[in-house]
Amino acid sequence: PVVAHAVGYEVTKEDLGDWRIHCTNGSVDNLAVSEEDAVEQARRFLSYLPSSSYELPPVWPVPIGDSIERSEQELFTIVPRKRTATFDIRRAIELIADKGSFFEIGPMWGTDQVVGFVRMGGYPMGVVATDSRHENGGAMTADGCDKITRHIDLCELFNIPILNLVDNPGFAVGIDHERAGTIRKGGEWMVAMAQMTMPMYT
3 PVVAHAVGYE VTKEDLGDWR IHCTNGSVDN LAVSEEDAVE QARRFLSYLP SSSYELPPVW
63 PVPIGDSIER SEQELFTIVP RKRTATFDIR RAIELIADKG SFFEIGPMWG TDQVVGFVRM
123 GGYPMGVVAT DSRHENGGAM TADGCDKITR HIDLCELFNI PILNLVDNPG FAVGIDHERA
183 GTIRKGGEWM VAMAQMTMPM YT
């Protein structure tokens, strides 16, 4: 009743703040199917980070059955020769990284971009990439810029280098994207990139 009085219409608690709202606007990054899943995702997320920003991130052993010398033949063909064709960037990340180490962050918002953590030879790395299978071909939206900017800042804070898989057609254009402030958000992304002190590999 208090909220309805304030906004002038009836609204439920779910309408205001369930997962459909917050997982798609960036307030919540990852959806869990159960309390156990939420705890496990939190553990995985924290496993890439040091205990404080004054320390280096933890190094894990390379998974049994994997090798830093592993050569994935699929990487030679996963990117199409045709420039207008799309491909599965998440699969590419999984092939590049230590097996089973890719942890995606925010898969339901800023969906033109993909961010997360991987391990390379046991060392944590942030990863940023463009999803060419997105409806706009991966062109950067305001939310996509926000998503990458936040991830760059997180990696910078905790001394984590970044793997940047560059395949970006530029910024999304159109009235809706102008209203969303894509130019401003793109500027913030560029500043975050320019201020990075951690290594970035492309």
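Mapping of the sequence shown onto the numbering used here: position 164 corresponds to residue 166, and the numbering continues sequentially without gaps.
Glycine residues also receive a C-beta, built at the ideal position from the N, C-alpha and C atoms.
What you are looking at is a predicted structure, and each value in this text was computed from that prediction instead of being measured.
*Kindly indicate which three-state DSSP category Leu165 falls into: helix, strand or coil?*
To locate residue 165, count along the sequence shown from 1; it is residue 163. Note: Leu165 maps to strand in three-state DSSP.
*Which whole-angstrom value is the C-beta distance of Ala131 and Val116, which I expect to be below 8 Å?*
Within the sequence shown, residue 131 is the residue found at index 129, counting from 1. Within the sequence shown, residue 116 is the residue found at index 114, counting from 1. 5 Å between Cβ atoms; contact.
*asked:* Rounded to whole angstroms, what is the Cα-Cα separation between Asp17 and Val175?
replied: Here residue 17 corresponds to residue number 15 of the sequence shown, with the count starting at 1. Here residue 175 corresponds to residue number 173 of the sequence shown, with the count starting at 1. Using only the alpha carbons, I get a separation of about 30 Å.
*Beta carbon of Gly139 nearer than 8 Å to that of Pro171*: Locating residue 139 in the sequence shown gives position 137, counting from the first residue. Locating residue 171 in the sequence shown gives position 169, counting from the first residue. Yes, the pair counts as a contact, with Cβ atoms nearer than the cut-off.
*Span of the beta strand (DSSP E) around Ile107*: For the purposes of this step, residue 107 is identified with residue 105 of the sequence shown, where counting begins at 1. Per DSSP, Ile107 belongs to the beta strand (DSSP E) from Phe105 to Ile107.
*asked:* Between the alpha carbons of Phe160 and His179, how many angstroms are there, rounded?
replied: Residue 160 sits at position 158 when you count from the first residue of the sequence shown. Residue 179 sits at position 177 when you count from the first residue of the sequence shown. Taking the straight line joining both Cα atoms gives about 32 Å.
*asked:* Between Lys187 and chain C, is the shortest Cβ-Cβ distance under 8 Å, so that the two count as touching?
replied: Included in the structure is just one protein chain, with no chain C present.
*Straight-line CA distance for Val64 to Pro52?*
Locating residue 64 in the sequence shown gives position 62, where the first residue counts as 1. Locating residue 52 in the sequence shown gives position 50, where the first residue counts as 1. Roughly 18 Å separates the two Cα atoms.
*With DSSP as the reference, please indicate the residues paired to Pro126 in a beta bridge.*
By one-based count along the sequence shown, residue 126 stands at place 124. According to DSSP, Pro126 bridges with Arg121.
*Ignoring anything shorter than 4 residues or poking outside the stretch 31-84, list the alpha helix (DSSP H) runs there in chain order.*
37-49
*Express the C-alpha separation of Phe105 and Arg46 in angstroms, rounding to a whole number.*
The sequence position of residue 46 within the sequence shown is 44, counting from 1. The sequence position of residue 105 within the sequence shown is 103, counting from 1. If I take the Cα positions, the gap works out to 8 Å.
_Using 8 Å as the threshold, is the C-beta distance between Ile164 and Met127 below it?_
Position 162 of the sequence shown, counted from the start, is the residue given in the question as residue 164. Position 125 of the sequence shown, counted from the start, is the residue given in the question as residue 127. Yes.
*Quick one: Cα of Asp90 to Cα of Thr204, how far?*
Counting from one through the sequence shown, the residue named residue 90 turns up at place 88. Counting from one through the sequence shown, the residue named residue 204 turns up at place 202. Approximately 18 Å, taken between the alpha carbons.
_Here's the rule I'm using: 16 or more other beta-carbon atoms within 10 Å means buried, otherwise exposed. How should Thr86 be labelled?_
Here the question's residue 86 lines up with position 84 in the sequence shown. Exposed, by the Cβ-count rule.
_Rounded separation between Tyr56 and Ile150 - CA only_ = Numbered from its first residue, the sequence shown carries residue 56 at position 54. Numbered from its first residue, the sequence shown carries residue 150 at position 148. Distance between the alpha carbons of Tyr56 and Ile150: 23 Å.
*When you compare only the Cα positions, how much space is there between Glu158 and Val5?*
Translated into the one-based positions of the sequence shown, residue 158 becomes position 156. Translated into the one-based positions of the sequence shown, residue 5 becomes position 3. About 39 Å.
*asked:* Quick check on Val175: does DSSP put it in helix, strand or coil?
replied: For the purposes of this step, residue 175 is identified with residue 173 of the sequence shown, where counting begins at 1. Here Val175 sits in coil by DSSP.
_Endpoints, the alpha helix (DSSP H) within which Gly140 is located_ = Position 138 of the sequence shown, counted from the start, is the residue given in the question as residue 140. Gly140 -> no alpha helix (DSSP H), and no H or E assigned at all.
*Identify, in the order they occur along the chain, each residue of the same chain with its Cβ nearer than 7 Å to the Cβ of Ser14, setting aside the five sequence neighbours on each side.*
Taking the sequence shown and counting its residues from 1, the one referred to as residue 14 is at position 12. Sequence check: residue 14 is Thr here, not Ser. Excluding sequence neighbours, Thr14 sits near nothing in its chain.
*asked:* Looking only at its chain, what residues have a beta carbon closer than 8 Å to the beta carbon of Gly183, apart from the 5 residues adjacent to it on each side?
replied: Indexing the sequence shown from 1 puts residue 183 at position 181. Cβ within range, chain order: Ala144.
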